[in-house]
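Residue 139 in the working numbering sits at position 76 of the sequence shown, and the numbers go up by one each step.
Inspection log for the structure reproduced underneath, given as structure tokens.
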Amino acid sequence: MSAVADPGRVLAKRLRELRKSWWPDVSITQAELAEAISGRKKASLQLVSSWERVADPTAPPEDRLNAILTFFSSRRSIERRPYRLVSEGDLTPEEAATRALLRDELFALRAAALAPDAAAATTDVPGRPSIVGRGPWHYKVGPVVIVCAEPGTEAPPATLDPDRSKLSRLADLDSLFELHGHLRAVNPDLEVRYVGARDMQEDDWTAHLVLLGGIDWNDATQDAMRLTPIPVTQHSDDDDPSRGCFRVVSRGETHSFPPEFDNRGGARVLVQDVGHFFRAPNPMNRERTLTVCNGMYGSGVYGAVRTLTHDVFREKNAEHLAQTFTGDAFSLLFRVQVLNGVAATPDWTAPGTLLHTWPEVDER
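If you want it as structure tokens, here you go:
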């Protein structure tokens, strides 16, 4: 399906045209539109952007589209700042007629965009949208470099065992396999590679960086976090690993978030880890990003990766990011339940899952 004929892209282009030039003398910003149509259910700048993104269109839900067409049906929406949404019941007959015309046009485009034949062009599995070129793990340019932790501090031997795999030196292999495969699927035309933290070269620091694991075995994570404004730090205790935790300094107070253990058969068993997902502009090249998937243990790292790769939860968690954060730097600390030794994928929308988010709500 061509870009011209694709109704999803036509809808995205039309929504952008409305915002930019519906009123010849006024150009509405995405942030202004998001604030005006928010109501009880907050709409973020990122959400509005996703509806207008021609290269990767997302059709707005019916309630959001109704709010948009109501906003543009009345000049009174922009009579004063902040812009506001006039109640549909308060529209004049002329405004109601304008709304009806916009509704017919926009909802027809939305229906066409969501029709099965329109979705077929971007679907790998019947009934399931393709992940190619979309989502939080989609990058417009490469390369993408996954930096893995390396257990221990010893240097690799001068003469390597010919049967020894390069992967044998790396930690969090389950997370690496999960994320590398997802990144390659979402970005089929980009270079996606992995490297051990001790093998990083100068150019690696200027790519889209994805850091797996924390400060114990991944020096790159420690270096990168030092260069960012995030108020979250990771602390370990070599004498008693169970006393390690993530710490947050907020409004002069320090909060600690440790993992949880249970005594089973005389052994201490990890039953809940703490995961950390953090994204910001790469401090060494702000045209690229830095992403950290971390945990107190490997379960937390794996849980952080799976939040946005697992086919059951990735769409829901991605939507949560779009609705919660408006800037290009954000952080989430969350519980990762460990069931019979296996990390369960966190649902960021489930009550009690999130422990801390940054920026905090009243700071935005």
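Glycine residues also receive a C-beta, built at the ideal position from the N, C-alpha and C atoms.
As the structure is a prediction and not an experimental result, all values here were calculated from the model.
Where residue i falls, given that 16 or more other Cβ within 10 Å makes a residue buried
i	result
Glu350	exposed
Ser84	exposed
Asp69	buried
Phe240	exposed
Pro156	exposed
Pro123	buried
Leu230	exposed
Arg197	buried
Arg138	exposed
Gln93	buried
Ala330	exposed
Val405	exposed
Ser90	exposed
Gly244	exposed
Leu34	An answer regarding residue 34 cannot be provided, because it is not within the stretch 64 to 427 covered by the chain.
Span separating the alpha-carbon of residue i from that of residue j
i	j	result
Ile194	Gln335	30 Å
Val208	Ala175	38 Å
Leu396	Leu253	29 Å
Trp114	Leu108	10 Å
Arg369	Leu274	14 Å
Ala392	Pro344	7 Å
Phe134	Arg147	8 Å
Phe388	Leu418	16 Å
Glu426	Leu272	Low confidence applies to Glu426: its pLDDT is 39, below 50, so where it sits in the model is not reliable enough to give any reading.
Asp282	His201	26 Å
Asp286	Val355	12 Å
Asn403	Asp374	22 Å
Ala159	Trp411	39 Å
Lys203	Ser112	15 Å
Ala407	Val401	6 Å
Phe340	Asp88	42 Å
Val337	Pro292	20 Å
Gly190	His383	Because the pLDDT of Gly190 is 48, which lies under 50, any placement of that residue in the model is unreliable, and the number read from its coordinates should be weighed accordingly. In a straight line, the C-alpha of Gly190 is about 22 Å away from that of His383.
Asn250	Asp266	20 Å
Asn348	Val258	19 Å
Residues of its chain near residue i, where Cβ-Cβ distance is below 6 Å and the 5 sequence neighbours each way are ignored
i	result
Arg144	none
Asp325	Val332 and Val334
Arg398	Gln335 and Thr416
Ser238	Leu275, Val364, Tyr365 and Val368
Leu353	Leu272, Ala287, Ala343 and Asn345
Val67	Confidence at Val67 is low in this model, with a pLDDT of 40, below 50, so its placement is unreliable and no value can be given for it.
Thr296	Arg310
Thr420	Leu395
Arg321	Before going on, a small fix: residue 321 reads as Pro here, not Arg. Counting only Cβ-Cβ distances below 6 Å, and skipping sequence neighbours, we find Cys308.
Nonlocal neighbours in the same chain, by C-beta distance under 7 Å from residue i, ignoring five residues either side
i	result
Lys76	Val117
Leu246	Trp200, Val207 and Val255
Thr284	Leu274, Gly276, Gly277, Ile278, Val355 and Asn357
Expected contact under 8 Å - CB spacing of residue i and residue j to nearest Å
i	j	result
Pro206	Ala260	Not a contact, Cβ separation roughly 17 Å.
Asp235	Gly361	5 Å
Gly307	Ser313	Contact doesn't hold; Cβ gap of about 20 Å is too wide.
Arg72	Pro120	5 Å
Arg173	Leu128	6 Å
Met263	Val210	6 Å
Leu233	Glu213	6 Å
8 Å Cβ shell around residue i - same chain, five flanking residues per side excluded
i	result
Ala381	Gly198, Pro199 and Leu371
Ile131	Leu78, Leu81, Leu96, Ile100, Pro123 and Leu169
Lys379	Asp410, Trp411 and Thr412
Thr317	Arg310 and Val311
Check: residue i C-beta below 7 Å from any heavy atom of the ligand ZN
i	result
Pro70	Within the structure as shown, the ligand ZN is missing, as the structure has no ligands at all.
task: Return the chain-ordered ranges of every alpha helix (DSSP H) run that is complete within the region 87 to 135 and spans a minimum of 4 residues.
output: 93 to 100, 108 to 115 and 125 to 134
query: Which ranges does the alpha helix (DSSP H) cover as unbroken runs of at least 4 residues, wholly within the region 280 to 332, from first to last along the chain?
result: 282 to 289
- prompt: Fully enclosed by the region 137 to 187, which alpha helix (DSSP H) runs are 4 residues long or longer?
  reply: 156 to 177 and 179 to 183
- request: Please specify which runs of the alpha helix (DSSP H), each continuous and at least 4 residues long, are wholly inside the region 343 to 409, giving them in chain order.
  value: Assignment of alpha helix (DSSP H) within the region 343 to 409, counting only whole runs of 4 or more residues, yields 361 to 369 and 377 to 387 in chain order.
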